[in-house]
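So the protein sequences, as listed, match chains A, B, C and D. Under the working numbering, think of the first position of the first sequence as 172, with each following residue one higher. Under the working numbering, think of the first position of the second sequence as 172, with each following residue one higher. Under the working numbering, think of the first position of the third sequence as 14, with each following residue one higher. Under the working numbering, think of the first position of the fourth sequence as 14, with each following residue one higher. Glycine is no exception: its CB is placed at the ideal position from the N, C-alpha and C atoms. Input: a single structure, listed below in structure tokens.
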Amino acid sequence: MEGLHHDTDLETVSEKPTSTEQNFDHIGDVSNGDFSKTAINQSLSSEEKVVLYSQMVRIRRFEERSLRAYQQGHIGGFLHLYIGQEAVAVGAVSVMSSDDHVITAYRDHGHALAVGMDMDECMAELFGKKTGCSKGKGGSMHFFAPDKNFWGGHGIVGGQTPLGLGIAYALKYNEKKGACLCFMGDGATNQGPFYESLNLASLWNLPVVFVIENNGYSMGTSESRHSAGEPLAKRGDPFDVNWSVHQGHDLYEVREAIGNALSLAHEKQSPSVLEIVTYRYRGHSVADPDQTYRSKEEIEEYKKNKDPINLFKDKLLAEGVLTETQAQEIDKSAKEESDASAEFALASPFPDPTELMDHIYWESDHPEDKSSEGTLFFETI
Amino acid sequence: MEGLHHDTDLETVSEKPTSTEQNFDHIGDVSNGDFSKTAINQSLSSEEKVVLYSQMVRIRRFEERSLRAYQQGHIGGFLHLYIGQEAVAVGAVSVMSSDDHVITAYRDHGHALAVGMDMDECMAELFGKKTGCSKGKGGSMHFFAPDKNFWGGHGIVGGQTPLGLGIAYALKYNEKKGACLCFMGDGATNQGPFYESLNLASLWNLPVVFVIENNGYSMGTSESRHSAGEPLAKRGDPFDVNWSVHQGHDLYEVREAIGNALSLAHEKQSPSVLEIVTYRYRGHSVADPDQTYRSKEEIEEYKKNKDPINLFKDKLLAEGVLTETQAQEIDKSAKEESDASAEFALASPFPDPTELMDHIYWESDHPEDKSSEGTLFFETI
Amino acid sequence: MAIITYREALNQALSEEIERDKNVVLMGEEVAQFKGSYKVSEGMLEKFGGERIIDTPISEAAFSGLAVGAAMMGMRPVVEFMFWSFCYVAYDQIFNNAANIRYMSGGLINVPIVFRGPANGGTNVGATHSHTPENFAANTPGLKVICPSTPADAKGLLKAAIRDNDPVCVMENTILYNLKDEVPEDKDFLIPLGKAKTVLEGTDLSIISHGRSVHTALQVAETLSEKHNISAEVLDLRSIRPLDVDSVINTVKKTNRVLLVEENKPFCGVGAQISYLIQDQAFDYLDAPIKRVSSIDAPQAYSKALENIQIPNHDRVLQKALELAS
Amino acid sequence: MAIITYREALNQALSEEIERDKNVVLMGEEVAQFKGSYKVSEGMLEKFGGERIIDTPISEAAFSGLAVGAAMMGMRPVVEFMFWSFCYVAYDQIFNNAANIRYMSGGLINVPIVFRGPANGGTNVGATHSHTPENFAANTPGLKVICPSTPADAKGLLKAAIRDNDPVCVMENTILYNLKDEVPEDKDFLIPLGKAKTVLEGTDLSIISHGRSVHTALQVAETLSEKHNISAEVLDLRSIRPLDVDSVINTVKKTNRVLLVEENKPFCGVGAQISYLIQDQAFDYLDAPIKRVSSIDAPQAYSKALENIQIPNHDRVLQKALELAS
Ligand SMILES: Cc1ncc(C[n+]2csc(CCOP(=O)(O)OP(=O)(O)O)c2C)c(N)n1
Ligand SMILES: Cc1ncc(C[n+]2csc(CCOP(=O)(O)OP(=O)(O)O)c2C)c(N)n1
Ligand SMILES: [Mg+2]
Ligand SMILES: [Mg+2]
């Protein structure tokens with residue numbers, strides 16, 4: 172049912188999942204839909220709450236700035252914006268511990284900034300510059316920061332699900348108390364490798380959490396036109412994988428859900444599928460005119476009633492941990508940081524043509540340790 | 172639970188699925204597990220029952236003969252025997268109507284004979300002879316008979332599931348009142364395209380029946396070692412595909428289950444997943460020494476208590492529609508027919524070397540209708 | 014003749030064949046309601062309805078296989094890949110089922126299907142979205158492969174592909190979608206597969222190419238004649254399998270020098286096969302070794318600063334041409 | 014040196030590397046309890062336990078991708094495909110994820126993984142089970158490809174592949190599994206990738222080959238010297254990417270005549286690429302066009318009467334060799 176509210180004929184949205192929408196209690200007993208009082212959220216200091224708020228703001232401002240840069244012709248290829256979904260990445264990453272890892276699809280700017288990548292390297296990557304996180308090789312869809320347990324940024328829909336499984340496998344093999352958060356879209360649930368991965372995750376009991384960010388659309392195709400049966404999280408059920416559905420506009424709820432799934436993974440190494448209902452304000456990519464598959468009203472309703480940043484801001488104001496002036500400062504500095512990153516990117520050099528041949532093989536990047544002989548490349552620069 | 176009895180540590184087998192093992196009533200109300208009285212089986216004449224019996228016997232004798240031919244070196248490559256599972260193909264095909272179609276995997280001899288292919292063309296195909304159903308091009312895994320609505324015979328595990336979906340799609344597109352029975356193994360449920368197909372079947376409401384012949388093993392891997400969650404049929408559940416589990420040693424039960432799934436497909440074009448629990452007596456293929464994954468006792472128990480031919484024979488004897496002498500004659504003529512097919516195959520010529528270049532493109536087989544120019548082949552005989 | 018874009022030419026071909034034959038349908042991601050992610054099928058849903066223009070989930074393996082199964086039953090599905098790169102998740106359905114079922118059934122079945130979509134680099138979409146699998150498909154007996162380079166070819170070849178009784182892989186190019194040129198309106202305008210086209214007559218060297226590289230070749234030929242007084246002949250293969258070997262050999266015999274230009278990665282690319290054929294059948298006519306310009310042998314780079322160099326561009330092709338001519 | 018089979022040599026290589034490095038595991042269908050469908054991993058489950066020798070469901074896409082993910086994290090998984098043909102259902106994980114992730118991450122990640130299994134025809138398993146995708150893999154920058162033809166090479170090359178920090182595709186051959194020959198016992202016996210081997214010295218023509226075809230080439234060379242008094246040199250490429258171009262060019266310069274023999278289908282097969290390289294770098298040394306013998310250009314036939322002719326056999330190779338030498 173929570174899928175339906177994504178169809179162009181709008182329906183009112185249930186504030187929290189009904190009991191039929193999970194086979195496992197991924198959320199503490201929250202009668203009134205207020206997750207601020209659950210243990211994991213109680214543990215947050217006022218400072219930490221403000222940091223979480225500013226992270227969401229930073230992500231949004233960064234992407235708005237990147238959109239302008241795209242329109243100015245500084246960014247090529249695809250640009251998939253995360254605007255509207257910020258609470259999912261920020262909330263999820265905020266409950267990770269040091270041995271937990273993240274992998275996601277091509278809509279990866281939010282996750283990248285949430286794990287702590289800085290705006291400069293991200294914006295520079297969008298500009299295709301040498302100073303980009305992937306040295307201009309990857310672009311918007313392919314951000315990486317292994318040092319921050321962030322494994323990309325993957326362009327092929329669903330292609331990252333077996334990779335996430337493998338990260339979890341390696342953690343278990345090395346007896347680390349960690350798990351992998353594998354983010355994916357609602358449309359990605361229609362790629363076969365996801366099911367092969369669900370079976371393996373359950374069969375081998377691997378600490379992986381598949382987080383379906385259900386923004387209601389696979390490009391221009393609404394959930395009800397691309398997927399039979401609801402909710403999508405239930406697709407874990409026949410494999411005995413824990414599953415549940417949550418609302419993604421409430422950062423507190425996201426933290427609660429992901430936190431519980433992570434402890435389940437840490438303690439029992441059990442996998443989970445969490446469906447987090449969210450929404451993207453912009454077109455699928457900047458190239459999408461966004462005129463064929465949803466109404467302006469639908470978008471406006473979300474912005475008005477479900478904006479994760481506004482909702483969290485109101486909560487923090489009510490809790491008295493944030494003031495309007497603080498909020499304005501946070502917004503101001505996020506804008507400044509974004510502008511600075513665009514300037515940094517603009518000022519950065521493009522990769523040198525010879526860099527085309529870097530990073531193809533570990534071996535060719537380490538001539539001193541080369542063990543093979545013969546010719547590796549058949550048309551070079 | 173019915174999966175467990177396939178593990179090497181034996182357990183007693185429940186005679187019929189419990190109510191938790193289906194989301195849809197694919198079988199009439201049968202309290203005592205006796206399916207002979209259901210409408211679809213009541214409608215059988217004595218003659219028809221005897222024909223069904225002899226078909227199972229013919230399949231078994233044919234395969235036993237093919238095994239000898241393999242051991243004598245007349246058959247190359249793979250030979251996957253269906254022995255033990257005969258009631259599934261024979262029962263299923265017996266309830267098909269003229270617009271229903273069949274597609275299956277590489278363990279296809281039983282289905283081929285059940286749809287009415289004759290032993291000669293099948294045995295000759297195994298021998299790689301010009302007179303084979305696929306002119307020696309396909310072999311054991313690739314029998315075809317489009318004129319009998321039989322679309323193969325496919326070697327890549329799970330690869331036939333989208334094809335079966337497409338057959339159903341074409342039937343619906345052409346407003347035929349038909350369905351496609353798409354047979355697959357328990358191991359095949361771990362191939363991603365199956366799930367993509369389940370989603371499409373339900374989303375587009377296509378008349379396809381996925382029949383999982385659960386013989387408990389994917390090669391040498393028992394169900395509990397290859398699949399998480401039970402029963403396998405339940406994997407249709409999250410896609411809102413009707414599913415249920417049935418015992419495959421009782422031809423009457425198979426007819427009842429498939430019959431109901433077919434009418435559902437005919438009337439409502441709804442897809443189904445039927446799991447039919449069965450067993451193979453021989454190794455995965457003739458090359459399998461069958462020493463690593465199951466006990467001799469397990470095999471013996473099946474032969475003793477669950478042999479589909481013996482069980483049906485006993486039923487027919489009890490019903491008084493078959494006599495011991497008749498049964499012996501049926502067996503005798505099945506053996507003779509099998510021996511004759513082996514002689515036919517042996518006497519048949521091998522394809523001529525030039526036939527290597529036939530059947531690659533429709534166009535090169537029809538030079539008179541050739542529309543393209545240029546070179547199609549780059550190394551020919 | 015009307016002047017229309019490559020995109021419109023594809024749309025015309027699809028529309029005409031859908032009108033002509035009830036067995037033809039178009040299916041793929043976003044082809045209907047969204048009008049095609051590159052707007053190739055714009056207006057077709059309105060014109061032909063949801064029965065003929067079909068949106069699919071992101072399940073390339075399933076809908077490719079579904080289309081193969083439907084083709085076995087006599088339909089003539091046209092499957093659109095948003096990018097040909099995505100054939101990697103449907104590989105078995107195309108390279109085993111579509112390619113082999115006729116053979117494995119001893120000719121009892123044929124598979125009249127078209128797989129189409131863009132297969133090119135040059136738009137900064139990175140390594141996973143820039144594959145050019147024409148060499149993989151052409152390596153596979155049972156499949157046919159065409160790479161139209163002009164609006165007219167796009168229409169005539171696609172129409173021929175849809176009427177073909179075998180599986181045809183049609184490899185388009187997002188950068189050519191806006192290319193405008195004259196296109197015949199004749200509803201039976203067909204260009205036979207396997208017929209190359211001499212797009213420029215010349216005497217000093219032959220540039221053999223396909224797809225968008227043909228246009229690069231033509232620009233280079235212009236530079237060669239204007240700045241270097243070298244007369245280049247340009248042959249557009251148009252079809253990779255079947256291949257117009259005669260036209261290839263003829264131009265070699267005419268100019269005695271060959272430059273192969275393609276977007277394929279070099280190792281076992283199309284140019285490798287053409288080289289073998291030329292030296293095998295026109296050995297004594299070659300005044301110099303055959304030269305190639307392909308994509309630089311690296312995964313496709315995102316940064317335009319890199320990708321503009323990676324794909325065969327005017328300067329890289331010109332340089333090789335001059336080496337060859339000297 | 015002990016005389017062991019190609020199968021045992023692979024088993025030794027795997028066992029030694031698993032003993033040597035805790036990061037090495039072997040996973041695939043039936044590799045553990047069943048001892049491998051071709052018994053390559055016989056005894057390894059007993060020796061190393063289920064943590065290191067891992068049976069998988071029939072989910073090639075998932076376990077290939079799982080292994081890539083684990084390799085990104087520093088493990089060194091060896092993935093067995095029961096047949097390389099099954100890479101068609103895992104294509105994206107190998108040809109995108111394993112091949113491109115290092116590049117797309119600007120070198121932040123490397124993927125030390127081995128994909129191995131048999132890739133050959135000749136055992137009458139038909140079109141879907143007889144693919145030889147070494148040309149597809151070698152076309153893909155980011156992947157390495159080796160095709161060992163002897164027990165010693167199988168051991169030395171596989172060990173080198175496992176220690177390699179890049180993805181390596183190891184293409185074996187079911188028909189060679191029983192081949193016996195001397196194999197060094199040294200636990201550090203490594204054969205570097207990219208080093209071809211002259212397996213027979215000769216003066217009149219060069220037969221360049223890889224995999225099982227090398228043995229066919231040797232038989233033909235014997236016939237040539239005994240019956241026709243022609244001295245053939247036989248070069249075993251051993252590794253397709255990296256490729257030992259120098260050794261290829263050297264043998265051409267020595268004999269001036271080249272015959273390429275491989276099981277690949279012809280169009281854009283490995284031989285096509287070698288032809289290009291030879292004519293490009295040794296044009297003036299060629300006394301005659303390069304000739305090729307590949308598999309007959311049809312889907313693999315089941316009937317042994319057909320398949321024995323389809324794959325390069327002694328007579329087809331001999332005939333071409335005689336044409337070339339005359
Ligand atoms: C295998 C594959 N098919 C198609 C595409 C093109 N494509 C990119 S994103 C997308 C929609 C994905 O929707 P969803 O999974 O819901 O993620 P979202 O974009 O909503 O974040 C499609 C079809 C692709 N990248 N990979
Ligand atoms: C994609 C793919 N992977 C692996 C194989 C090899 N293989 C053939 S049959 C088989 C086991 C299949 O088991 P199941 O689906 O239960 O069918 P059954 O053999 O029991 O009839 C395997 C692994 C294959 N043919 N295709
Ligand atoms: Mg979405
Ligand atoms: Mg089975």
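- At a threshold of 6 Å, Phe108/C does not count as near ligand 2, since its beta carbon sits no closer than that to any of the ligand's heavy atoms.
- Scanning chain D for C-beta atoms nearer than 9 Å to the C-beta of Phe521/B yields Ser316, Lys317, Ala318, Leu319, reported in chain order.
- Excluding five sequence positions before and after Ser373/A, the CB atoms of its chain that fall closer than 7 Å to its own CB belong to Phe410, Asp411, Val412, Pro442, given in chain order.
- When rounded, the separation of the alpha-carbon atoms in Asn370/B and Ser398/A is 6 Å.
- A Cβ of chain C is located within less than 7 Å of the beta carbon of His397/A.
- Neighbourhood of Asp293/D in chain C, by CB distance below 9 Å: Ser288, Pro302, Ile303, Lys304, Arg305, in chain order.
- The stretch 55-64 of chain C makes no contact with the stretch 116-127 of chain C, as fewer than three CB pairs between them are under 8 Å.
- Scanning the stretch 201-285 of chain D for uninterrupted beta strand (DSSP E) segments of 3 residues or longer gives 210-213, 218-222, 245-249, 252-254, 271-274, listed from N- to C-terminal end.
- Residues of the same chain with a CB within less than 7 Å of the CB of Ala314/D, apart from the 5 flanking positions on each side, are Glu320, Gln323 in chain order.
- Using beta-carbon distances, Ala174/C does not count as an interface residue toward chain B, since no partner is under 7 Å.
- Distance between Ala150/C and Ile531/B, taken at the CA atoms: about 14 Å.
- Distance between Ile126/D and Lys267/D, taken at the CA atoms: about 38 Å.
- Selection Lys200/D, Glu214/D, Ile291/D, Asp328/D evaluated against Arg33/D yields Lys200/D as nearest (Cα-Cα).
- With contacts defined as CB atoms closer than 7 Å, Ser311/A and Leu238/A fail to qualify as a contacting pair.
- Interface criterion not met: the Cβ of Phe108/D is under 7 Å from no Cβ in chain B.
- Distance from the C-beta of Phe321/B to the nearest heavy atom of ligand 1 is not below 6 Å.
- Straight across, the Cα-Cα distance linking Arg129/C with Pro197/C is about 21 Å.
- Around Glu534/A, the beta-carbon contacts reaching into chain D at under 8 Å are Asp177, Asn178, Asp179.
- Per the DSSP secondary-structure output, Trp414/A pairs in a beta bridge with Val444/A.
- For the 7 Å CB-CB criterion, Gly329/A and Ala359/A form a contact.
- For Val38/C, the closest C-alpha among the options Ser50/C, Ser54/C, Arg89/C is that of Arg89/C.
- Taking the Cα of Asp318/B as reference, the smallest distance to any Cα among Ile327/B, Cys304/B, His325/B, Gly326/B is reached at Cys304/B.
- Counting the other Cβ atoms within 10 Å of the Cβ of Ile338/B gives 16 or more, which makes it buried.
- Of all alpha-carbon atoms in Pro131/D, Met86/D, Cys281/D, Val283/D, the one lying nearest the alpha-carbon of Gly49/D is that of Pro131/D.
- His272/B sits in a strand when the DSSP states are folded into three classes.
- When distances are taken from the beta-carbon of Ile254/A to the heavy atoms of ligand 1, even the shortest one reaches 6 Å or more.
- Within 10 angstroms of the beta-carbon of Thr494/A lie fewer than 16 other beta-carbons, which makes it exposed.
- Ligand 4 approaches Gly358/B closely enough that one of its heavy atoms is under 6 Å from the residue's Cβ.
- As DSSP reads the structure, Phe354/A sits in a beta bridge with Val382/A.
- Using a CB distance cut-off of 7 Å, Val102/C counts as an interface residue toward chain D.
- At least one C-beta of chain C is nearer than 7 Å to the C-beta of Phe548/A.
- Judged by DSSP in its simplified three-state form, Arg129/D adopts strand.
- Contact between Glu30/D and Ile175/D holds: CB atoms are separated by about 4 Å, below the 8 Å threshold.
- Restricting attention to Ala295/A, Tyr340/A, Gly281/A, the CA atom closest to the CA of Leu223/A is found in Gly281/A.
- Counting other Cβ atoms within 10 Å of its Cβ, Asp291/A reaches 16 or more and is therefore classed as buried.
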